[in-house]
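**Q**
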Amino acid sequence: MARADISLQGLAWILGSSPRMTAQLDTGEDPTMFQNRAEALALALPAAIFAAAVFLVPVLILLSDGFRTPVGGGWSLSAYTEFFSSPLNQTVFLRTLRLGAIVTVVSAVIGYAAAFAIVSLEPSTKGKITGLVVLPLMISPVARTYAWIVILGRTGIVNQAFQAIGISDAPLRILFSETAIFIGLLQLFLPLMIISLISALENMPRDAIPAARVLGANWFQVFWKVVLPLTREGLVIGGTLVFTGSLTAYITPAILGGSKVLMLETLMYQQVSVSGNFVSASVIAFILIVMSFAANILLKRLATARNRRAPGRSASA
Amino acid sequence: MNARTLFIPLTLFVVIAFLIGPFLIIVAASFSAGETLAFPPQGFSLRWIAKVFTVESFRASFGMSLFLAIGGTAAALIMGIPASYALSRYKLPGAEVIRTVVSAPIIVPGIIVGLALLRYIVVPFGVGISLALFLAHTALVLPYAVRVVSASLDNLRSDIEEAAVLLGSSRLGAFFRVVLPNIRGGILSAFILGFVTSFNQVPVSLFLSGPGVRTLPIDMIAYMEIVFDPSVAALSSLLAFLSIGIVFAAERFLGFSRYV
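Protein sequence lines correspond, in order, to chains A and B.
Mapping to our numbering: the first sequence position 197 is 197, numbers consecutive.
Mapping to our numbering: the second sequence position 227 is 227, numbers consecutive.
If you want it as structure tokens, here you go:
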């Protein structure tokens, strides 16, 4: 339980929802030895200046590129109107959104089933199974994605099986399609959803489900009215991680989508390395960042909206 | 009750097969004796495992990735430990701003960071590719370093340092003799997390890789686009076992998950 809790806090930290992981034990007055501001700044500034110089400033300049007029030094949105007027870009944009949404929803459904199953196990088995779920996170995404070529390729396992059973005569083209990217992304990010939900389920009051059952709720009602509101925080964290992860994945669409089925990141790479179009790359960068933040905010909103309809849940906090 | 007892093992089996199965297939394929990547593997041999060590570009890019992972993480810790100390112990003006700036590289997609570095650091200042990769990987690991070290500092009472100072130790002496030994586990965990993150990183290095200078994962992608033999599978298995081994050892000896 402690393990899952800490990773959840870490995830929350990544999302910026709780800047401090643990409350400081020392609650007394600040000792004089920690009141020297110049000293504190001298300690903190090297890291801050480094991050600003190597990361923040270059990224901000890159993002501002997309708002420049093609000639002269003015500001305009012409790069954005131009970007969205291209049918290819529209397709890629919608595909990225669609895949992100589908992967998130499917991983939530599977995630709940898996998390329920894991939480109901004996403590010792639970640790081992949770370890197996977390294990893929330690393996290089390149290796994890590469495996799907063996499975989904023309002579891969799936096609061998399909032909053996007689579902198809000729090998199906599964690789380099949206389906392949979907499978790859789901496998990549499902562990994040499962560990978020395990932690959320473990923090749920133990008697909430039996109480609802005694009061006559069926399993659907139990899930919808009790479990969902009580685990919404874990769902929001897991959902944001999976959605933003899917939006900004590069390796999976690059290997499983090829050069035909592009997502925003692979499109961005192509724009830069093939056509040298840096303005378009800046537009894509801005869209990716805005979508990531929007997803985070939207999911939080959804969670609080549900919360208002289910006033009983505040007991869990 | 019956449906429930069936539901749990079935769900777990399907989910774990989905998550782990592909990896097992890669491991099996890397022991194949055949010429092309296939499952079930044709025969058994160690030829592809052996081949990994003879491919020149793999050796070069492995060295590069190792250098970036060790050097970048060390650099991130050298800047990150003092910063975490300041954020955790002092009332710092603009602490939230500093915290946000330092942890920002984790939020922005890596490909954007790489492109921004290429255009506004590498090209205008004539920075070499290796140095640019080093800067990028350091920036990438910095948020993890600050987060993990901050967490272990927050769990350490600050009165033991005060006691050391009251008893006549210098401030620096108190830090090195009292604080540092107590957050050793956190620092090592931060190092391992940073190492694995940096080593597996692809998007940040994408635009910063030039001819002859590549990180290992990027080299693997380039190789698999040209050659369809099991050597990438063999290399993937080796790397996976390496990182699982490191994380397992860290969990065993440090209680890694306490910090991460």
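C-beta atoms are modelled at their ideal positions from N, C-alpha and C, and glycine is treated no differently.
(1) Which runs of the alpha helix (DSSP H) spanning at least 4 residues fall entirely within the stretch 185-210 of chain A, listed in chain order?
(2) What is the rounded straight-line gap between the Cα of A101 of chain A and the Cα of I251 of chain A?
(3) With respect to the alpha helix (DSSP H) encompassing Y144 of chain B, which residues constitute its N-terminal and C-terminal limits?
(4) Assuming I157 of chain A is part of the alpha helix (DSSP H), what are its boundary residues?
(5) Please confirm if A113 of chain A has its CB atom under 7 angstroms from at least one CB of chain B.
(6) Kindly identify the DSSP beta-bridge partner or partners of V14 of chain B.
(7) So which residues of chain B does L56 of chain A contact, with C-beta pairs closer than 8 angstroms?
(8) Between P123 of chain A and chain B, is there a C-beta pair that is closer than 7 angstroms?
(9) Pull up the distance between the alpha-carbon of L24 of chain B and that of A240 of chain B, whole angstroms please.
(10) Which same chain residues end up closer than 6 angstroms to P87 of chain A when comparing Cβ atoms and leaving out the 5 residues on each side of it in sequence?
(11) Can you look up S7 of chain A in the DSSP assignment and give me helix, strand or coil?
(12) Taking the continuous alpha helix (DSSP H) assigned at N89 of chain A, which residues delimit it?
(13) Residues of chain B with CB under 7 angstroms from E202 of chain A, in chain order?
(14) From this set, B:A50, B:V213, B:A234, B:P41, which residue's C-alpha is nearest G128 of chain B's C-alpha?
(15) Express the C-alpha separation of M33 of chain A and E162 of chain B in angstroms, rounding to a whole number.
(16) Return helix, strand or coil for R68 of chain A, following the three-state DSSP convention.
(17) In its own chain, which residues sit with a C-beta less than 7 angstroms from the C-beta of Y223 of chain B, not counting the 5 before and 5 after it?
(18) Within the 7 angstroms Cβ cut-off, does F39 of chain B reach chain A?
(19) Assign A23 of chain A to one of three DSSP states: helix, strand, or coil.
(20) Residues in the same chain with beta-carbon distance under 7 angstroms from S279 of chain A, minus the five sequence neighbours each way, listed in chain order, please.
(21) Given this structure, state the Cα-to-Cα distance separating D219 of chain B from L299 of chain A, to the nearest angstrom.
(22) Rounding to the nearest angstrom, what Cα-Cα distance links F248 of chain B and L132 of chain A in this structure?
(23) Using a threshold of 7 angstroms, state whether the C-beta atoms of L140 of chain B and P105 of chain B are closer than that.
(24) Taking DSSP's pairing of strands, which residues face W75 of chain A in a bridge?
(25) Give the DSSP-derived three-state secondary structure of V213 of chain B in the structure shown.
(26) Select from B:N182, B:L77, B:D229 the residue whose C-alpha is nearest the C-alpha of A47 of chain A.
(27) How many Å lie between I284 of chain A and R147 of chain B at the Cα?
(28) When the distance is taken between beta carbons, is L188 of chain B closer than 7 angstroms to S88 of chain B?
(29) Output the boundary residues of the alpha helix (DSSP H) element that contains I111 of chain B.
(30) For I297 of chain A, count neighbouring C-beta atoms within 10 Å of its own C-beta (all shown protein chains included) and say buried if the count is 16 or more, exposed if not.
(31) Could you check whether M268 of chain A and T96 of chain A sit closer than 7 angstroms to each other, using their CB atoms as the reference points?
(32) Closest Cβ-Cβ distance between P211 of chain B and chain A: below 7 angstroms?
(33) With a cut-off of 7 angstroms, does the C-beta of T27 of chain A fall near any C-beta of chain B?
(34) Anyone know if the C-beta pair for G184 of chain A and L99 of chain A falls short of 7 angstroms?
(35) Give me the chain B residues within the contact set of T240 of chain A, using Cβ-Cβ distance strictly less than 8 angstroms, ordered along the chain.
(36) Please state whether DSSP places G28 of chain A in a helix, a strand or coil.
**A** On the basis of the coordinates in this document:
(1) Correct list: empty.
(2) Answer to the nearest angstrom: the Cα atoms are 18 angstroms apart.
(3) Residue range 129-154 is occupied by the alpha helix (DSSP H) that includes Y144 of chain B.
(4) Segment 157-165, the alpha helix (DSSP H) holding I157 of chain A.
(5) Interface with chain B (7 angstroms Cβ-Cβ cutoff): A113 of chain A is included.
(6) DSSP, once it has assigned bridges, lists no residue as partnering V14 of chain B.
(7) Those within 8 angstroms of L56 of chain A in chain B are V101, A104.
(8) No, P123 of chain A lies away from the interface with chain B (no Cβ there is under 7 angstroms from its Cβ).
(9) Near 11 angstroms, if we compare the C-alpha coordinates of A240 of chain B and L24 of chain B.
(10) Answer for P87 of chain A: no residue qualifies.
(11) The pLDDT assigned to S7 of chain A is 43, lower than 50, so where the model puts this residue is not dependable, and the model offers no usable value.
(12) Looking at the DSSP string, the run of the alpha helix (DSSP H) that includes N89 of chain A is 87-119.
(13) None at all; the shortest Cβ gap to chain B is about 15 angstroms.
(14) With distances taken between CA atoms, G128 of chain B lies nearest to B:V213 out of B:A50, B:V213, B:A234, B:P41.
(15) About 8 angstroms.
(16) Of the three classes helix, strand and coil, the one that applies to R68 of chain A here is strand, per DSSP.
(17) Here the set comprises V232.
(18) For F39 of chain B, the answer is yes, since a Cβ of chain A falls inside 7 angstroms of its Cβ.
(19) Any reading at A23 of chain A needs caution, since the residue's pLDDT is 44, under 50, leaving its predicted position unreliable; the model's value is listed next. In the structure shown, the three-state DSSP call for A23 of chain A is coil.
(20) Strictly speaking, residue 279 of chain A in this sequence is Val, with Ser absent from that position. So the qualifying residues of the chain are D65, G66, A79.
(21) In a straight line, the C-alpha of D219 of chain B is about 37 angstroms away from that of L299 of chain A.
(22) So the alpha carbons of these two residues sit roughly 12 angstroms apart.
(23) Cβ atoms of L140 of chain B and P105 of chain B: closer than 7 angstroms.
(24) Paired residue(s): A:R68.
(25) Look at V213 of chain B here: in three-state DSSP terms it is strand.
(26) Cα-wise, what sits closest to A47 of chain A is B:L77.
(27) Rounded to whole angstroms, I284 of chain A to R147 of chain B spans 29 angstroms at the Cα level.
(28) Contact flag unset, no.
(29) 110-117 is the extent of the alpha helix (DSSP H) around I111 of chain B.
(30) I297 of chain A comes out exposed.
(31) Not a contact, by the Cβ cut-off of 7 angstroms.
(32) Using a CB distance cut-off of 7 angstroms, P211 of chain B does not count as an interface residue toward chain A.
(33) In this prediction, T27 of chain A has a pLDDT of 47, which is less than 50 and means its spatial position is unreliable; what the coordinates show is noted afterwards. It does not: the Cβ of T27 of chain A has no partner Cβ on chain B nearer than 7 angstroms.
(34) Against a cut-off of 7 angstroms, the Cβ pair of L99 of chain A and G184 of chain A comes out as no contact.
(35) Contact annotation for T240 of chain A against chain B: no contact, minimum CB-CB distance about 11 angstroms [criterion: below 8 angstroms].
(36) Residue placement at G28 of chain A is flagged as unreliable, the pLDDT there being 49, under the threshold of 50; a coordinate-derived value is accordingly withheld.
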